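Colleague:
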Amino acid sequence: MQNSDLVRKESTFGIVNHWALAISCIVLTISGFGFLFHLEGIGNAFGGFPAMKGIHNWAGVVFTASLVLSMFNWLKEALTFDSDDLGWILTAGGYLSHKAKVPPMHKLNTGQKFFYLTLLVSGFAIIATGFVIWLMPENKPALVWSHFIHNVSFIIISAFLPIHIYLSTLGNPGTIPIMITGKIPYGWAKKKHSKWIKELEEGRSH
Amino acid sequence: MARASLLISPELCIGCRACQIACKSWNQLPGDKTANRGTFENPADLTPDLYNKIRFIEVPSEANPVRWLFVSQRCMHCDDAGCMKICPAPGALYKTKEGAVAFNKDKCIGCKLCAAACPFNVPRYDKNDKVSKCNLCADRIANNMAPACAKTCPTGAISYGDRDAIITKSQKAGYSKLYGQADLGGLGALYAFHDAPKLYGLDEKPVIPEMVVFWHQYLKPLSWIGIGGTAALMLLHYVAIGPKKDKEGNDDAK
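As structure tokens, then:
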């Protein structure tokens, strides 16, 4: 296999799943900031605050469905850890030094696993509390607590967004096409996901 | 303009409820259909169409077997208003120059967070899910007229005026401290009575739910710091260390 040959890394289901999650998450974050800080410009862009509430709620439904489905795509992988993950953490994934020797990785590297698990946990917290705020506003203690947890999860998720966006664009040039086509160049995969490629090739030779 | 306020003196109230009617009349609020509960107090609680209600309280004792108290229940127009702290829609709740907490139904998104954050259980929602409560007759006071309730009250149990002047005058009249004088930054509805607030159905120490305060004061700024901080770190990484290059990690590929 040539280094420039493409290997399938994500299924069509995975690609659609990722972008539904990404777009709903960005819409929710932007409108969320609009609500929190009374940003009139954002409110107007959504057609006023009452309209933005409807969009926020329904984007939340898309986000919920996407996050639930994402577990079929990435949860098993994200929960698999071994000693190489410790090595990845100790070398900071090679992000702090271009000379660092990063241990071989499977389909997801350690950072991606932690990113996914954080999104999953805070995501379900923000979803559950979001539905309480939307559907049970008459229950005042539940509303106040949900509002609080919703916002704390919001801080976590929104702080993680720039990291993910940077590492998948500027920080690792050429990453975006992988999430659009689902295919990764063989040479790249062999470098960055050698354990996965090895497994794939062994599977094939059987 | 200096802050204005209502002075409610339940000891002067005769329970005629002219204020309830005047409020409905000025604010064009329809009557609520209610049932006889064996009391003159009616309706039982504030509704989306009832901004001001006289609460009837019977306090029989041996010394006075027929003691009957009447007190106006309504939005207190807090200086530090929980409803405004939590409201996600700018302009849905706003302060008038007199210090009244007024509302704009067109801007309300119907989330009901204000009702949950109010220390006095005041905001109600109408059939269109829009906030509804006493706004101190914002349109009247903007034109130097007293709110409808104060204008109508035949005994002076509800009056309206400069807040500082009300406090000074009440102190001279023997009320060393008015209810609401210092609570929540000072209420825009002050109460003059000698008994304990509890007797009038008022909280001794009204507070905004602590989670609302905690979020608003300490955690809310973190949402900018969080996303801005990580974005800045990523930029720093790009400049100082630089992105991954194609040649890197060739060792892995052995």
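Here the protein sequences line up with chains A and B, keeping their order.
Quick note: the first sequence, position 112, residue 113 per this note's numbering, numbers continuous.
Quick note: the second sequence, position 158, residue 1447 per this note's numbering, numbers continuous.
Every residue gets a Cβ at the ideal spot worked out from N, C-alpha and C, and that includes glycine.
All values derive from a computational prediction rather than experimental measurement.
In three-state terms, what does DSSP make of residue 1577 of chain B?
Modeller: This structure gives no information on residue 1577 of chain B, because the portion of chain B shown stretches from 1290 to 1543.
Colleague: Does any residue of chain B have a CB that is nearer than 7 Å to the CB of residue 201 of chain A?
Modeller: no
Colleague: I need the straight-line Cα distance from residue 1345 of chain B to residue 56 of chain A, nearest angstrom please.
Modeller: 45 Å
Colleague: With a threshold of 16 other CB atoms inside 10 Å of the CB of residue 9 of chain A, please say whether the residue is buried or exposed.
Modeller: exposed
Colleague: If you run the structure through DSSP and keep just helix, strand and coil, what is residue 81 of chain A?
Modeller: coil
Colleague: Taking 7 Å as the threshold (C-beta atoms), are residue 1393 of chain B and residue 1381 of chain B in contact?
Modeller: yes
Colleague: So, for residue 1269 of chain B: in the same chain, excluding its five sequence neighbours on each side, which residues have a beta-carbon less than 6 Å away from its beta-carbon?
Modeller: Because chain B spans 1290 through 1543 in this model, residue 1269 of chain B falls outside it and cannot be assessed.
Colleague: I'd like the list of long-range same chain contacts for residue 1495 of chain B, defined as Cβ closer than 7 Å, with 5 residues on each side in sequence excluded.
Modeller: 1408, 1409, 1472, 1473
Colleague: Drop a sphere of 10 angstroms on the beta-carbon of residue 1465 of chain B, count the other beta-carbons inside from all chains shown, and report buried for 16 or more, exposed for fewer.
Modeller: exposed
Colleague: Per DSSP, what kind of secondary structure is residue 1360 of chain B in: helix, strand or coil?
Modeller: strand
Colleague: How about residue 1383 of chain B: is its C-beta nearer than 7 Å to some C-beta of chain A?
Modeller: no
Colleague: Specify, as a first and last residue, the run of the alpha helix (DSSP H) that residue 109 of chain A falls within.
Modeller: Per DSSP, residue 109 of chain A belongs to no alpha helix (DSSP H) and is neither H nor E.
Colleague: Under 8 Å: do the region 1453 to 1468 of chain B and the region 1309 to 1329 of chain B share three or more Cβ pairs, one atom per stretch?
Modeller: The count of Cβ pairs closer than 8 Å, one atom from the region 1453 to 1468 of chain B and one from the region 1309 to 1329 of chain B, stays below three, leaving the stretches out of contact.
Colleague: Using Cβ-Cβ distances below 8 Å, what residues of the region 6 to 29 of chain A are close to chain B?
Modeller: none
Colleague: Does any heavy atom of the ligand SAM sit closer than 6 Å to the C-beta of residue 1449 of chain B?
Modeller: Inclusion of the ligand SAM in the displayed structure is not the case, the ligand content being empty and no account of it being possible.
Colleague: Please confirm whether residue 159 of chain A has its beta-carbon closer than 7 Å to some beta-carbon of chain B.
Modeller: yes
Colleague: With a cut-off of 7 Å, does the C-beta of residue 1401 of chain B fall near any C-beta of chain A?
Modeller: Proximity of residue 1401 of chain B to chain A, defined by a Cβ-Cβ separation below 7 Å, is satisfied.
Colleague: Against chain B, which members of the region 164 to 192 of chain A pass a CB distance test of less than 7 Å?
Modeller: Considering only beta carbons, the part of the region 164 to 192 of chain A lying closer than 7 Å to chain B consists of 164, 167, 171, 172, 173, 174, 191, 192, in chain order.
Colleague: So is residue 1308 of chain B buried or exposed if we call it buried at 16+ other beta carbons inside 10 Å?
Modeller: buried
Colleague: At the level of alpha carbons, what is the spacing between residue 40 of chain A and residue 34 of chain A?
Modeller: 7 Å
Colleague: Output, in chain order, the set of chain A residues within a Cβ distance shorter than 8 Å of residue 1406 of chain B.
Modeller: 145
Colleague: Out of curiosity, what's the CA-to-CA distance linking residue 1500 of chain B and residue 150 of chain A?
Modeller: 10 Å
Colleague: Relative to the C-alpha of residue 51 of chain A, which residue among B/1349, B/1301, B/1395, B/1359 is closest?
Modeller: B/1395
Colleague: Tell me the rounded alpha-carbon separation between residue 1375 of chain B and residue 1398 of chain B.
Modeller: 13 Å
Colleague: Kindly confirm or deny that the region 129 to 144 of chain A and the region 71 to 81 of chain A touch, where touching means at least three C-beta pairs closer than 8 Å.
Modeller: no
Colleague: Using a C-beta cutoff of 7 Å, does residue 127 of chain A count as contacting chain E?
Modeller: Among the protein chains of the structure shown, namely A and B, there is no chain E.
Colleague: Listed from N- to C-terminal order along the chain, which residues in the region 1486 to 1514 of chain B have their beta-carbon within a distance smaller than 7 Å of any beta-carbon of chain A?
Modeller: Within the region 1486 to 1514 of chain B, 1498, 1500, 1501, 1504, 1508, 1509, 1511, 1512 place their CB atoms closer than 7 Å to a CB of chain A, listed in sequence order.
Colleague: Identify whether residue 1336 of chain B lies in helix, strand or coil by the three-state DSSP scheme.
Modeller: Of the three classes helix, strand and coil, the one that applies to residue 1336 of chain B here is strand, per DSSP.
Colleague: The beta strand (DSSP E) spanning residue 8 of chain A covers which residue range?
Modeller: 7 to 9
Colleague: By a C-beta neighbour count over all protein chains shown, 10 Å radius and 16 as the cutoff for buried, is residue 3 of chain A buried or exposed?
Modeller: exposed
Colleague: Alpha carbon to alpha carbon, how far is residue 1303 of chain B from residue 1373 of chain B? Give it in angstroms, no decimals.
Modeller: 33 Å
Colleague: Does DSSP put residue 187 of chain A in a helix, in a strand, or in coil?
Modeller: helix
Colleague: With a threshold of 7 Å between beta carbons, is residue 56 of chain A in contact with chain B?
Modeller: no
Colleague: Let me check understanding here. Comparing Cα to Cα, which of B/1338, B/1489, B/1526 lies closest to residue 1359 of chain B?
Modeller: B/1489
Colleague: In the DSSP assignment, find the unbroken beta strand (DSSP E) run with residue 1512 of chain B in it and report its ends.
Modeller: Premise fails: residue 1512 of chain B lies in the alpha helix (DSSP H), 1509 to 1529, not in any beta strand (DSSP E).
Colleague: Quick one: what does DSSP say residue 20 of chain A is sitting in, helix, strand or coil?
Modeller: helix
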